[in-house]
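Contents: one structure, followed by commentary.
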Amino acid sequence: MNNREKLNKEDFKALREFIYKQSGMFFSDAKLYFIENRVSKRLEALNCPSYNLYVRHIQNPANKKELLTLLDRVTTNETSFYRNPPQIDAFKNIILPKLVTAAKAAGRSQLKIWSSACSSGEEPLTLAMVIKEKQHLLRGLNVRIYASDISSDILEKAKKGIYSEYSMRNLPELYKKKWFKMRGGSYEIERELKSMIHYERFNLVDYPGYYKYKGMDAIFCRNVLIYFDLAVKRSIIECFHKSINKNGYLIIGHAESLHNISKDFKIEHFSRAIGYLKA
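Start counting the sequence shown at 0; every next residue gets the next number (numbering that gives the first Met the number 0).
In structure tokens:
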């Protein structure tokens with residue numbers, strides 16, 4: 000490929016439209032250079048001579064694997080253990096005890112949590128750690144953590160459970176010592192925590208697919224809604240609402256809001272954090 004070639008507006012719009020149809024993610028005009036940077040690496044890998052040919056390539060149903068690779072590349076996977084501590088503390092100290100009480104009152108024997116955009120696994124593993132810390136509350140309840148992401152590559156990383164020091168930057172030292180062992184210069188999660196989590200690739204705009212996630216007590220969808228336009232946000236939140244048990248919670252990013260998206264949840268304020276209750 001000629002290194003001087005740039006992604007023109009027509010090919011950018013075609014790419015953007017196709018990505019939107021396949022994933023619900025919308026990229027504004029301001030993201031042209033971001034997309035160009037990510038896609039240019041795919042052109043080089045495939046020895047594809049132009050962006051226009053690449054667009055036609057991924058539009059061919061026979062090349063679905065390349066589409067999934069592209070979605071991996073344009074998805075931002077910035078995450079860490081114990082990300083946004085006030086939210087995690089609110090879940091551990093307030094929300095989780097409420098969920099346990101509600102589950103037992105309803106005669107259920109299982110608590111189900113879904114990390115719906117789990118990236119490389121830091122979020123569901125953090126939830127597993129704090130749930131283990133509250134084990135004394137859970138007598139008579141099994142806990143199942145579901146973890147999904149649109150990126151196949153990042154899920155493979157999550158399943159391995161090996162992390163850098165940078166991923167651990169927010170994690171309390173107590174958890175680091177208890178749940179990790181050193182492997183070379185990296186941290187490997189203990190098998191006991193890994194066994195609590197069921198990983199699966201899932202596209203949040205696969206609306207019929209939400210049947211697999213019915214009966215959730217809490218859903219985490221943090222720092223994801225920013226990728227979607229209003230119509231897609233509303234559809235996703237509606238699916239979450241149907242998936243969550245009564246008195247269950249939806250947790251979104253600390254800078255995100257359901258304002259103008261949904262009135263189906265009751266907002267609850269905690270110390271420097273909020274949650275959305277399905278009343």
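C-beta atoms are modelled at their ideal positions from N, C-alpha and C, and glycine is treated no differently. Predicted model, so just to flag it, every value in this text is computed and none were measured.
query: Short Cβ contact (8 Å threshold) for leucine 154 with arginine 200; result: yes
query: Expected contact under 8 Å - CB spacing of cysteine 220 and alanine 157 to nearest Å; result: Not confirmed; about 16 Å, so no contact.
query: Isoleucine 218 vs alanine 127 beta-carbon contact at 8 Å; result: no
query: Member of Arg37, Glu237, Asn83 whose CA lies at the smallest distance from the CA of arginine 271; result: Asn83
query: Length of the line joining the Cα atoms of alanine 13 and lysine 213; result: 35 Å
query: Supposed contact pair leucine 249 and tyrosine 275 - C-beta distance, whole angstroms, cut 8 Å; result: 4 Å
query: Three-way DSSP call (helix, strand, coil) for cysteine 220 in this model; result: strand
query: Contacting residues, own chain, Cβ-Cβ under 7 Å from serine 22 (five flanking each side not counted); result: Leu70, Ile149, Asn202, Val204
query: Backbone CA spacing between histidine 258 and lysine 159 [nearest angstrom]; result: 37 Å
query: Per-residue DSSP class, three states only, for asparagine 284; result: With the chain covering only 0 through 278, there is no way to say anything about residue 284.
query: Unbroken beta strand (DSSP E) run spanning lysine 180, endpoints; result: 179-182
query: Sheet register partners of tyrosine 275 (DSSP bridge); result: Leu249, Ile266
query: Beta-carbon proximity check, methionine 167 vs lysine 177, cutoff 8 Å; result: no
query: Beta-ladder partner(s) of phenylalanine 227, from DSSP; result: Met24
query: Start-to-end residues for the beta strand (DSSP E) that takes in histidine 197; result: 196-200
query: Rounded separation between alanine 102 and lysine 245 - CA only; result: 10 Å
query: Integer Cβ distance of aspartate 215 from tryptophan 113, believed to fall under 8 Å; result: Note that residue 215 is methionine in the sequence shown here, rather than aspartate. 5 Å between Cβ atoms; contact.
query: Cα-Cα separation between isoleucine 266 and lysine 91, rounded to whole angstroms; result: 18 Å
query: Local conformation of tyrosine 81 per DSSP, three classes; result: coil
query: Aspartate 71, DSSP secondary structure in three states; result: helix
query: Host beta strand (DSSP E) of serine 118 (start-end); result: Premise fails: serine 118 is in no beta strand (DSSP E) and is neither H nor E.
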